[in-house]
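Engineer: This is the structure, below, for whatever I ask next.
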Amino acid sequence: MWIMKYLNKYKYWIMLFLVFLVINFTIGDMMDDATNIEAMDHFGGFFKWLYANATMWSGRLVPAAIFELLLQLPSQVFAVLNTLFCLLLIYSANKTFCGSELNNSYIPLIEGILILVLLPADVCKYALWWKSASIFYLWGTAMSMLMLYPFVAEAKGTKVKPSEWVLCGLGIFYATSFEQIAAFDMVFAIFMALWNKIVLKRKGFVTPVIALLISALSIAFLKMPGNSIRTMSETILHLPHFGMFTTDQKVLLGSIYTLDMYTLNIPGVMLGIAGITCYLICKSKSQIYVKIVSCIVALYYLGAFIESYICTKTSHIKQIWLLDELYNYFNFDSPTFFYDKALQWHVIIALAMFAILGFLIFLALSSEKRLAVEIPLLFFGGAGCTLIIGFSPTIYGSGDRVKFIGIIFTIFVFFTLIKEFIRRSKLHLVYD
Numbered sequence: 054m055w056i057m058k059y060l061n062k063y064k065y066w067i068m069l070f071l072v073f074l075v076i077n078f079t080i081g082d083m084m085d086d087a088t089n090i091e092a093m094d095h096f097g098g099f100f101k102w103l104y105a106n107a108t109m110w111s112g113r114l115v116p117a118a119i120f121e122l123l124l125q126l127p128s129q130v131f132a133v134l135n136t137l138f139c140l141l142l143i144y145s146a147n148k149t150f151c152g153s154e155l156n157n158s159y160i161p162l163i164e165g166i167l168i169l170v171l172l173p174a175d176v177c178k179y180a181l182w183w184k185s186a187s188i189f190y191l192w193g194t195a196m197s198m199l200m201l202y203p204f205v206a207e208a209k210g211t212k213v214k215p216s217e218w219v220l221c222g223l224g225i226f227y228a229t230s231f232e233q234i235a236a237f238d239m240v241f242a243i244f245m246a247l248w249n250k251i252v253l254k255r256k257g258f259v260t261p262v263i264a265l266l267i268s269a270l271s272i273a274f275l276k277m278p279g280n281s282i283r284t285m286s287e288t289i290l291h292l293p294h295f296g297m298f299t300t301d302q303k304v305l306l307g308s309i310y311t312l313d314m315y316t317l318n319i320p321g322v323m324l325g326i327a328g329i330t331c332y333l334i335c336k337s338k339s340q341i342y343v344k345i346v347s348c349i350v351a352l353y354y355l356g357a358f359i360e361s362y363i364c365t366k367t368s369h370i371k372q373i374w375l376l377d378e379l380y381n382y383f384n385f386d387s388p389t390f391f392y393d394k395a396l397q398w399h400v401i402i403a404l405a406m407f408a409i410l411g412f413l414i415f416l417a418l419s420s421e422k423r424l425a426v427e428i429p430l431l432f433f434g435g436a437g438c439t440l441i442i443g444f445s446p447t448i449y450g451s452g453d454r455v456k457f458i459g460i461i462f463t464i465f466v467f468f469t470l471i472k473e474f475i476r477r478s479k480l481h482l483v484y485d
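Number 485 marks the last residue of the sequence shown (this note's numbering); no jumps.
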């Protein structure tokens, strides 16, 4: 009897587990997977390989070490664990940010399927199913969200359970070793610790100490000598003129890459976010000029969606991927980073619309009782995790998988807005 009760309570999680498990079992080894299996033998043992990895390749020690050990086991073990981390990503995102009901609910199943639908094919393939990448992007993102839960719980006035502190500790140990998301973790943890202490007047010093620990470990892993050596080798291979770029030029490079991600990879998600935000703002007591601005932003993303659809669905207009066409805009043979004025204004307008949308999300989700700062932080954090790629010459070699964090963060913001839209629609039905 207890088995049937358990199965009924978690039936949607079980369905989702089976969906992801089937996919994981149908995906075999790809590219670096085969060579990584023999890495330990090549360097003469696990600890010698770990030392070589830290000094000559990367500071991603914890995920890489776990991955190398898992490769020594049957591939079915990794398939099962990767499936569990797919579920953990959805669980941790809802627990920390989306706030959805997870037990005896169909929400996880719907979200899991929507993630598969909304994620661009190459991002999904390499960030979720490629072993050598999922160990960082999928696993690292899931552990990061577990790590950040105590900060959001403290802001909401929710008591953190001992088991949740343990999961937070595991997340710190794992996610700080993945530099792309560690940058977001540092900013989020420090901001939320200060927000809880200064604005919300929360007592206790646990979260500030954790924020300092997250920052210290992230910086320590980032300063591993292997990172600088790999940067040098990737620069020579992919972007030999990278050293000539100034800071503002690198920001521009990352901005173009980030804007491409939003307008070309997930224009429908951005339109959905802008549309629901506009609806929530217009239904609220916001001033008229705020409502007008929200409508303008929604129309902007509607135009971006239509433009993207025309470019990708017809053969009459050639789609221009700005990052791939950088040599058409920039003169790399000169220390000066020249670019077309039309492109400059395009970037400025797009960044302005994105920034305004983030602020409107904050207004739409906040209430008199609570200011929902964590969702805009997640929204802007996804952009930041992508924009910092402009400071790395690995943007060409890494492919679309580096967009995973930015896209999955945006998708979870979309889910949060859908939930709020449904909640307020139900309230209107009750009171109308």
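Where a beta carbon is used, it is the ideal one built from N, C-alpha and C, also for glycine.
For Leu312, I'd like the list of residues in its chain whose CB is within less than 6 Å of its CB, leaving aside the five on either flank, ordered along the chain.
Structural biologist: Only Ala403 meet the Cβ criterion.
Engineer: Mapping the DSSP letters down to three states, classify Thr463 as helix, strand or coil.
Structural biologist: Here Thr463 sits in helix by DSSP.
Engineer: Are the CB atoms of Asn106 and Gly224 within a distance shorter than 8 Å?
Structural biologist: Against a cut-off of 8 Å, the Cβ pair of Asn106 and Gly224 comes out as no contact.
Engineer: By how many angstroms is the C-alpha of Val322 removed from the C-alpha of Phe467?
Structural biologist: So the two alpha carbons sit approximately 7 Å from each other.
Engineer: Can you give the Cα-Cα distance for Phe120 and Ile188, rounded to whole angstroms?
Structural biologist: Roughly 7 Å between the two C-alpha positions.
Engineer: Mind checking which residues open and close the alpha helix (DSSP H) that includes Ser308?
Structural biologist: Segment 300 to 313, the alpha helix (DSSP H) holding Ser308.
Engineer: Pick helix, strand or coil for Lys209, following the three-state DSSP scheme.
Structural biologist: Of the three classes helix, strand and coil, the one that applies to Lys209 here is helix, per DSSP.
Engineer: Our contact map puts Ala195 next to Phe274 with C-beta atoms below 8 Å; I'd like the distance itself, whole angstroms only.
Structural biologist: Going by Cβ atoms, the distance from Ala195 to Phe274 rounds to 18 Å, so no, they are not a contact pair.
Engineer: If you pair each beta-carbon of the stretch 236 to 245 with each one of the stretch 65 to 84, do three or more pairs fall below 8 Å?
Structural biologist: Result no; under three Cβ-Cβ pairs closer than 8 Å.
Engineer: Does DSSP put Ser286 in a helix, in a strand, or in coil?
Structural biologist: Residue state, collapsed to three classes: helix.
Engineer: Distance, Cα to Cα, Gly434 vs Phe474?
Structural biologist: Cα to Cα, Gly434 sits roughly 23 Å from Phe474.
Engineer: Around the Cβ of Tyr353, are there at least 16 other Cβ atoms within 10 angstroms (buried) or fewer (exposed)?
Structural biologist: By the 10 Å Cβ count, Tyr353 comes out buried.
Engineer: Expressed to the nearest angstrom, what Euclidean distance is found between the alpha-carbon atoms of Phe383 and Phe444?
Structural biologist: Legend: pLDDT at Phe383 = 47, less than 50; position of this residue unreliable, value from coordinates given subsequently. Cα to Cα, the separation comes out at about 16 Å.
Engineer: Just the Cα atoms here: how many angstroms apart are Ala186 and Phe99?
Structural biologist: Whole-angstrom Cα-Cα distance: 20 Å.
Engineer: Three or more C-beta pairs closer than 8 Å, one from the stretch 160 to 175 and one from the stretch 115 to 132: is that the case here?
Structural biologist: The stretch 160 to 175, when compared against the stretch 115 to 132, does not touch it at the 8 Å Cβ threshold.
Engineer: Short of 7 Å in beta carbon distance, which residues of its chain neighbour Thr389, apart from the five on each side in sequence? Order them along the chain.
Structural biologist: Residue placement at Thr389 cannot be trusted, given a pLDDT of 45 that sits under 50; what the coordinates show is reported in the next sentence. None.
Engineer: Which first and last residues belong to the alpha helix (DSSP H) in which Thr439 is found?
Structural biologist: Residues 427 to 440.
Engineer: Determine the direct distance from the alpha carbon of Ala408 to that of Leu324, and round the result to whole angstroms.
Structural biologist: Rounded to the nearest angstrom, the two C-alpha atoms are 15 Å apart.
Engineer: Does the distance from the CB of Leu253 to the CB of Ala206 come in under 8 Å?
Structural biologist: For Leu253 and Ala206, no; Cβs fall outside 8 Å.
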